[in-house]
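Structure below.
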């Protein structure tokens, strides 16, 4: 009888959602993380769970990291491990009632993380380091005088790479650094003075269980995915990994050898999805224009956390989708241009990579939306976090409970308040645990190699209220949401009110002009001509045309355009609504 093969692979989510896409501080090198590992095991309130006040003490007092950067790591890990939606909504309610920094600190002090998994998370930040060589010669803790090397070359190279989605890079990273990871997590007493593990070192089941953040696997083909500790404590790998049921521990050198021999590519990673993923059908697409696009998904077979949809090279097309196939999926939108993309379902994460001249409207994103290497992209979303790196001339309308993260290489980024809705939006927000408060859309943090610094006014701006317009999602759906969730900032609401008054004054002026039939005809022609000129000048003509199904293309465009214009002031998206015959869902 053939023995089932056991395969183990790196979990995608830790790298995709946990590793910040910037070269990490040198103060998170293995040398200092080992110091931290020893420290947390000898101090009360640090092990087996680490609370925010103690991590702040270690990060700020020992590692000399800015407090904002310390909180960023802590908050990112908390987003990664996830909480039930009810807990996230309750937490948002508590934060919204904080009126001072002391009250905020008091709320944060209630948060705790698994100590070993947090150490592993901090080590994984090395993924985006250009060189993983670190000096083992240094002080007991970094001093205020310790300075990192000039980051310019390293940041330039890192900004051109994106390893967070690269499952081959994940496997290579784990294979190359598995010994260091295990040595970081074992009892400090089992390390020699040089930092190497002793010959007969034992690895507790508690340590291997924490590796479940990094590794998972299965027995045989097509079986359920299991945490790594379950695979190693029974079945064919138990003896190979050196597991003792009496001491509930592993022999280090056997465990290391076992893991390295059974490590393989993630069968639910990007490579597998591109090779064998299913094609995803879209509600809005024009025949003949999708030949360049490459769209694949693994949502039909992937476990939660590994579901993904990959979209590449969508060109001059409007795509719209609201489907269970998108719910909880990680979305990658790559090299799309002059496209209008609507993904109106609750999502796990979204990455926009090397896109330009496009608009992307998203349903609520549970964890993070990352924009990398994009130009002239408009993003509209509700998200746990938004991060922007190496991008230019992008506008982000966001509702988020965390500070937008501006990574190196950005120019001319515009931040604006979330300004649209669709009927099921609030239900989708509740599904992923996102509330309307707190909303920190206008309080970005700028992250560089030296940690958080003051935002550079040349890097970003807040959208001027005079340039603000509301946005209409042009599809009919089921649901009860009929307005933008929460309240707009007063200055932006005042700007909308003023625009509405101008429209009403214009309509009153036209009515009071008492034009005859010939004058009305001439006036209407002038308005239509100017409106079509505006559509061409702004590029919205392409978007408006793509919203009309091919069977409707022969209808009178000018009448539809005028109906839209009368119903909605032109917005940054052309302000349009589809009728029942043009239903997208």
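Residue numbers (this note's numbering): -11 to 573. Cβ atoms here follow ideal geometry from the backbone N, Cα and C, with glycine treated the same way. The structure presented is a predicted model; accordingly, all values stated were derived computationally and were not measured.
Query	Result
Any 3 or more C-beta pairs closer than 8 Å across the stretch 339 to 354 and the stretch 365 to 372	yes
For residue 83 and residue 424, the rounded distance between their alpha carbons	12 Å
Delimiting residues of the beta strand (DSSP E) encompassing residue 345	344 to 350
Boundaries (first-last residue) of the beta strand (DSSP E) holding residue -3	-6 to -2
Residue 234 to residue 192 span [Cα, whole Å]	12 Å
C-alpha distance - residue 334 paired with residue 421, whole-angstrom precision	10 Å
Sequence-distant residues of the same chain with beta carbon closer than 8 Å to residue -4, five excluded per side	203, 204, 205, 216, 219, 247, 250, 251, 252
Sheet register partners of residue 45 (DSSP bridge)	DSSP lists no partner for residue 45.
Terminal residues of the alpha helix (DSSP H) in which residue 318 lies	Premise fails: residue 318 lies in the beta strand (DSSP E), 318 to 322, not in any alpha helix (DSSP H).
Sub-7 Å separation of residue 374 and residue 392 beta-carbons	yes
DSSP state of residue 8 mapped onto helix, strand, coil	coil
Residue 319 and residue 297 closer than 7 Å at C-beta	yes
For residue 214: DSSP bridge partner residues	205
Residue range of the unbroken beta strand (DSSP E) whose run includes residue 431	Segment: none, residue 431 is in no beta strand (DSSP E) and carries neither H nor E.
Inter-residue Cα distance where the pair is residue 544 and residue 516	With a pLDDT of 43 at residue 544, under the threshold of 50, the predicted position of this residue should be treated as unreliable, and no value is reported.
Pairwise C-alpha distance: residue 528 and residue 4	34 Å
For residue 3, the three-state DSSP class (helix, strand or coil)	helix
Under 7 Å between C-beta atoms of residue 426 and residue 465	no
N-terminal and C-terminal residue of the alpha helix (DSSP H) that residue 261 is part of	258 to 264
Alpha-carbon to alpha-carbon, residue 53 and residue 261	39 Å
CA-to-CA distance, residue 511 to residue 7, given in whole angstroms	58 Å
Nearest to residue 200 (by Cα), restricted to the options 485, 482, 474, -2	-2
Three-state secondary structure (DSSP) of residue 303	strand
According to DSSP, residues forming a beta bridge with residue 231	238
Three-state class that DSSP yields for residue 482 in the structure shown	helix
Straight-line gap, residue 311 to residue 332 (C-alpha atoms, nearest Å)	8 Å
Buried versus exposed call for residue 531 [16 or more other C-beta atoms within 10 Å across all chains shown]	buried
Assigned secondary structure, residue 88 (DSSP; H/G/I helix, E/B strand, else coil)	coil
Bounding residues of the alpha helix (DSSP H) (the contiguous stretch that carries residue 514)	505 to 526
Residues near residue 428 in its chain [Cβ-Cβ closer than 7 Å; skip 5 each side]	388, 389, 390, 391
Limits of the beta strand (DSSP E) - the one that residue 375 falls within	363 to 377
Range covered by the alpha helix (DSSP H) that runs through residue 14	Segment: none, residue 14 is in no alpha helix (DSSP H) and carries neither H nor E.
Expected contact under 8 Å - CB spacing of residue 40 and residue 96 to nearest Å	5 Å
Beta-bridge pairing of residue 294 - partner residues as DSSP gives them	Residue 294 is not bridged to any residue.
Span of the alpha helix (DSSP H) around residue 648	No information on residue 648 is available, as it lies outside the stretch -11 to 573 that the chain covers here.
As assigned by DSSP and simplified to three states, the class of residue 548	Confidence at residue 548 is low in this model, with a pLDDT of 42, below 50, so the placement of that residue should be treated as unreliable; the coordinate-derived value is given next. Here residue 548 sits in helix by DSSP.
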